[in-house]
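See below for the structure under consideration.
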Amino acid sequence: MNHKKYECHSQYKCVCGARHNKLICESGNSETKTVSTECAKENGKVNKTFESPHDQNSTSQSNASVLSNYGKRKNILLSTAEIYLHTANNQRIKIRAILDSASNVCVLTKKISNSLGLKKQKIKTPVSGLNGLWQNIEWKVKTFISNQDRSFSEQVEFLIVDEITELNPSQTLDITNVEIPQFLNLADKSFYEANEINALISADIFFKVLKHNTYKVNEEFFFKESQFGWIACGKLQEKEVSKQNQCFLARNDTLQDTLKHFFDLEGLGIRDDPVSNEKDQAMEIFNETVEFKNDRYVVHLPFRKSYDELSDNYSLAKQRFQNLWRRFSHDPELHQQYREIIRDYVEQGIIEEVKDDIKVNESNKPLYYLPHQAVRKEGRLTSKTRIVFDAGSHQNNELSLNDCLWPGKNLNPNVLDLLIDFRLNKTAVCSDIKQAFLQICLAEEHKDAVRFLWSNEEPCVHKKPKLHVYRFNRVNFGVSSSPFLLAATIRHHIEKYINDYPDTVLLLDKCFYVDDLISGGKDFEEALQLSRSAKNIMEAAGMDLRKWISKGGHSHHGFLERETEKPIKSEETIQTDRHVWNSVWTEIRECGERKFCAEGIEKGKSPP
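Residue numbers (this note's numbering): 3 to 610.
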């Protein structure tokens, strides 16, 4: 890089033989390689290759080799059966399983395992499959399987995977010419239809359920009796004729595709994951349980169906606090700052001491101890030392609190859209919510899930601290679902004011990023009105918008914010978590700064 071709001393060349990087190779990126596939058919060999009808200037080219298929293909049936799994509340759910005589483990899909509500055990087990491919399994669950009339029951340990196989059979099979006697109680009544597989039953169970009787329909198709019913075996034809069967696909990405992928990796902000049914669960729980009591919102932690498998994490939390205590003995200033934060939390009612300490879950409520540590950031205007709580910690083969919670969808706006809208305003306004997460109350039944350990003694290297148990009354930032709970609460709250402040509500819905308000107006009067309305709306939720900062060419008096902690100078860059202030812009020149205060707005010096 940064040199001409004749100055390059590298011995490496492009695949085309020229001395340039393969990413800028025109011949390599536009050339289409054809791959042919040969297949023997009953009426001879067929070899056909085609290229996709892309324009030569398209960004990507694809080619594929296909074979013609003149006749109905026969499928070998896998042994499938409808079996029943027992749930945590002693109910039964019916699933579709493959009885595999060549497997030495039982496997269950993650979707079904979650619906059982049973306690999972964390493991690290490698499982090998076709062609020596290995997959690491991290979870297992134990339950009973049974048939419809409960005449057969067996306790089985399942390994949990995301997916076992695709639809089986891959296409619906033709049974119009197959006579199936009515007296046969089929193990899988839809064995010929393309359906999903939920479980795989190992060889030891397979031979336990298999019986001796066989019913032969023809030379290629028969039924075998089992504890689950009669299992379909043999071969059946596909229902529809397959004109073409794609057997290989090659894709050659051009330089433009490569660059697009690069910039996708360099995207801004919290990335939007594909919306899944799992992540919708958090929103459903929030909508069903959110309340407004004593001028604050009360929310529940979005637990998965069962939190019985959550360990209390007490031993690990105690060990890490003892490590922190030793650090305090060498850093008295840090201990003093830490103690002031804890004292402030107690005075504000954010945390409370637990008097009747219990280490085991005796009340059928989630119980978990959070390890914590200090994080320092000297550049902050406020809170240079913060306490960070770790809800992702866990002991070996145990689950963390975050493992047991739905994380929730990303409700924040796209960062790039937010910044562009922000820069379009002639008068920009920024603010943030004071201790935003801590302004939302936590439901009483979930407070014991956010306990932590503390000591009010002076730290000493040679003396173990006397431990006190505290718990959070508010939402804690260290929990994976907290960003979702904050965003959902803000959105739920501002929607109440759509009739009173229609313009402000529509603007707030797209200008809040986590706890930061990033907005403005076409002039200072409009920005001022937005700020007043936003402050009134958020105060009604018990949230204080503070640290107001504005840029523009005019001054105004009588704004309703307290004085900013630090005056803003014209040559300074405002440090925010997302660095949206004083970004480098080539065409727009920033002029004038001011801070908002109770008495008025201090006019800054405009650059020449």
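By construction, the Cβ of each residue, glycine as well, lies at the ideal position given by its N, Cα and C atoms. Note that this is a predicted model, so its numbers are computed, not measured.
Of all the options the options, which has the alpha carbon lying nearest to the alpha carbon of residue i?
i: SER395; options: LEU509, ALA234 and ALA319; result: ALA319
i: THR178; options: GLU168, GLU195, LEU186 and THR167; result: GLU195
i: LEU488; options: SER117, MET285, ASP310 and PHE223; result: MET285
i: LEU118; options: ASN106, LEU101 and ILE97; result: ILE97
i: PHE514; options: ASN501, ASN187, PHE486 and VAL211; result: PHE486
i: SER228; options: ARG329, ASP502, HIS214 and PHE160; result: HIS214
i: ASP358; options: ILE114, VAL471, HIS88 and ALA542; result: VAL471
i: ASN315; options: GLN173, LYS436 and ASP450; result: ASP450
i: GLY523; options: ASP517, THR506 and VAL158; result: THR506
i: LYS436; options: ASP517, LEU369, GLY410 and ASP419; result: ASP517
i: ARG328; options: ILE114, CYS462 and ALA83; result: CYS462
i: HIS88; options: VAL109, LEU509, ASN149 and GLN283; result: ASN149
i: ASN200; options: ALA490, VAL109 and THR491; result: VAL109
i: LYS367; options: GLU400, HIS302 and PHE294; result: HIS302
i: SER130; options: ILE343, SER105 and LYS121; result: SER105
i: ARG378; options: ILE389, ASN458, TYR217 and ASP310; result: ILE389
i: LYS2; options: ILE442, GLY231, ARG322 and LEU509; result: This structure does not reach residue 2, given that the chain is present from 3 up to 610, and the question cannot be answered.
i: SER552; options: ILE539, MET540 and LEU532; result: LEU532
i: ARG345; options: THR111, TRP232, TYR371 and TRP456; result: TRP456
i: LEU202; options: ALA83, VAL348 and GLU290; result: ALA83
Could you compute how far the alpha carbon of residue i sits from the alpha carbon of residue j?
i: GLN239; j: PHE209; result: 28 Å
i: LEU444; j: ASN478; result: 9 Å
i: GLU168; j: PRO504; result: 49 Å
i: ARG580; j: GLU528; result: Only weak support is given to the placement of ARG580: the predicted model assigns it a pLDDT of 40, under 50, and the question is left unresolved by the model.
i: GLU446; j: ILE496; result: 25 Å
i: GLN375; j: GLN397; result: 18 Å
i: LYS512; j: SER521; result: 9 Å
i: VAL219; j: SER103; result: 23 Å
i: ALA549; j: LEU519; result: Sequence check: residue 549 is Lys here, not Ala. LYS549 and LEU519: Cα-Cα distance of roughly 10 Å.
i: LEU440; j: GLN324; result: 26 Å
i: PRO409; j: ALA189; result: 39 Å
i: LEU161; j: GLN173; result: 27 Å
i: LEU212; j: THR127; result: 28 Å
i: ARG152; j: LEU186; result: 18 Å
i: ALA20; j: VAL417; result: 41 Å
i: GLU165; j: PRO183; result: 34 Å
i: ASN91; j: ALA438; result: 38 Å
i: TYR499; j: ARG534; result: 14 Å
i: LEU326; j: LEU469; result: 13 Å
i: GLU145; j: VAL158; result: What sits at residue 145 in the sequence shown is Thr, not Glu. Their Cα atoms are separated by approximately 6 Å.
i: ALA205; j: LEU101; result: 8 Å
Where does residue i sit, in a helix, a strand or coil, going by DSSP?
i: TYR309; result: coil
i: LEU444; result: strand
i: PHE424; result: helix
i: LYS549; result: strand
i: ASP525; result: coil
i: HIS437; result: The residue asked about is misnamed: residue 437 is Gln in this sequence, not His. Of the three classes helix, strand and coil, the one that applies to GLN437 here is coil, per DSSP.
i: ASN138; result: strand
i: HIS470; result: strand
i: LYS96; result: strand
i: HIS214; result: strand
i: ARG493; result: helix
i: THR174; result: coil
i: ARG322; result: helix
i: VAL417; result: helix
i: ASN116; result: helix
i: GLN375; result: strand
i: VAL452; result: helix
i: ASN45; result: Per-residue confidence for ASN45 stands at a pLDDT of 44, beneath the threshold of 50, marking its modelled position as unreliable; the derived number appears in the next sentence. Reduced to three states, the DSSP call for ASN45 is coil.
i: ASN363; result: Below a pLDDT of 50, predicted positions are generally treated as unreliable, and ASN363, at 49, falls in that range; no measurement from the model is reported.
i: LEU369; result: coil
i: VAL390; result: strand
i: GLN123; result: strand
i: PHE223; result: strand
Tell me, which residues are paired with residue i by DSSP?
i: CYS108; result: PHE160
i: VAL300; result: GLU293 and CYS443
i: ASN412; result: Beta-bridge pairing links ASN412 to no other residue.
i: THR145; result: VAL158
i: LEU231; result: In the sequence as presented, Leu is not what sits at residue 231; that position holds Gly. Bridge partners of GLY231: SER228.
i: ASP518; result: ASP434 and TYR515
i: VAL129; result: GLN137
i: ARG329; result: Partner(s): none; ARG329 has no beta bridge.
i: HIS88; result: ARG94
i: ALA83; result: ALA99
On the three-pair Cβ rule with 8 Å, is the stretch 345-358 touching the stretch 418-433?
Taking 8 Å as the limit for Cβ pairs, the verdict is that the stretch 418-433 does not touch the stretch 345-358.
Would you say the stretch 419-429 touches the stretch 319-333, given that touching needs at least three Cβ pairs under 8 Å?
The stretch 419-429, when compared against the stretch 319-333, does not touch it at the 8 Å Cβ threshold.
Does the structure place the stretch 532-550 close enough to the stretch 448-463 that three or more beta carbon pairs sit under 8 Å?
When C-beta atoms of the stretch 448-463 are compared with those of the stretch 532-550, fewer than three pairs fall below 8 Å, so the two segments do not count as touching.
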